[in-house]
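Okay, structure first, notes after.
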Amino acid sequence: MIQYPLKFAVTTQAVSGIAVPWAARTSDQADIQVAIPVEFEGAGGGFSPEDFYALALTNCFVATFKVIAERSKLEFVSIATQGTLTVDRDEKGTPWMSDFKLTVTLNQPADVERATRLLEKTRQSCLILNSVRTKLSFSFEIT
0 MIQYPLKFAV TTQAVSGIAV PWAARTSDQA DIQVAIPVEF EGAGGGFSPE DFYALALTNC
60 FVATFKVIAE RSKLEFVSIA TQGTLTVDRD EKGTPWMSDF KLTVTLNQPA DVERATRLLE
120 KTRQSCLILN SVRTKLSFSF EIT
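Residue 122 in numbering that gives the first Met the number 0 sits at position 123 of the sequence shown, and the numbers go up by one each step.
Now the structure itself:
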């Protein structure tokens with residue numbers, strides 16, 4: 000049984016200058032290179048905070064589906080996703096992550112009807128997706 004609350008520690012260390020990437024890490028993983036993207040007049044050359052945001056949304060869905068499918072004894076060959084994050088300005092002109100569209104392709108599930116139900120359950124159960132104000136839209140494909 001999972002014991003809440005859970006805590007996840009992260010660290011970063013950066014030097015001055017928008018063209019200089021920096022290192023970020025979790026408590027038990029290797030450094031990840033982070034950079035300001037060219038879209039925000041940075042040099043690029045690393046993952047951007049926007050990349051991490053989109054990856055968090057996407058991979059939370061995948062991880063949650065894998066757990067739900069395994070607990071439901073639904074076998075499948077693979078799951079693939081493609082996500083698109085839109086950064087826009089709100090009515091006050093403040094930039095924010097306005098929309099995220101996720102296409103999920105589930106390959107060869109043992110039971111298509113049950114797979115469809117579990118994809119929908121995942122959509123409602125993913126803790127990161129439930130924690131954001133970004134408008135979320137999903138497309139499910141079963142092959």
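No residue lacks a Cβ here, since even glycine has one placed at the ideal position from N, Cα and C. Note that this is a predicted model, so its numbers are computed, not measured.
Spatial neighbours of residue i within its chain, please: C-beta separation below 8 Å, excluding the five flanking residues on both sides.
i: ILE17; result: ILE35, GLU40, GLY41, ALA42
i: SER138; result: LYS100, LEU101, THR102, VAL103
i: ALA8; result: THR25, SER26
DSSP three-state label for residue i, please.
i: ARG24; result: strand
i: GLU140; result: strand
i: VAL14; result: coil
i: PHE75; result: coil
i: ASP87; result: strand
i: THR93; result: coil
i: LEU118; result: helix
i: ILE67; result: helix
i: LEU126; result: coil
i: VAL131; result: coil
i: LEU101; result: strand
i: PHE39; result: helix
i: VAL111; result: helix
Which same chain residues end up closer than 7 Å to residue i when comparing Cβ atoms and leaving out the 5 residues on each side of it in sequence?
i: CYS59; result: CYS125, LEU126, ILE127, LEU128
i: THR133; result: MET96, SER97, ASP98, PHE99
Spatial neighbours of residue i within its chain, please: CB distance less than 6 Å, with the 5 preceding and 5 following residues excluded, ordered by chain position.
i: SER47; result: PRO36
i: GLU74; result: ALA109
i: ALA79; result: THR104
How far does the beta strand (DSSP E) with residue i in it extend, from its first residue to its last?
i: GLN107; result: That residue, GLN107, is in no beta strand (DSSP E); it is neither H nor E in DSSP.
i: ILE35; result: No beta strand (DSSP E) holds ILE35; DSSP gives it neither H nor E.
Would the beta-carbon of residue i fall within 8 Å of that of residue j?
i: THR142; j: ILE67; result: no
i: PHE64; j: LEU135; result: no
- Query: Between the stretch 15-34 and the stretch 84-94, are three or more C-beta pairs nearer than 8 Å?
  - Reply: no
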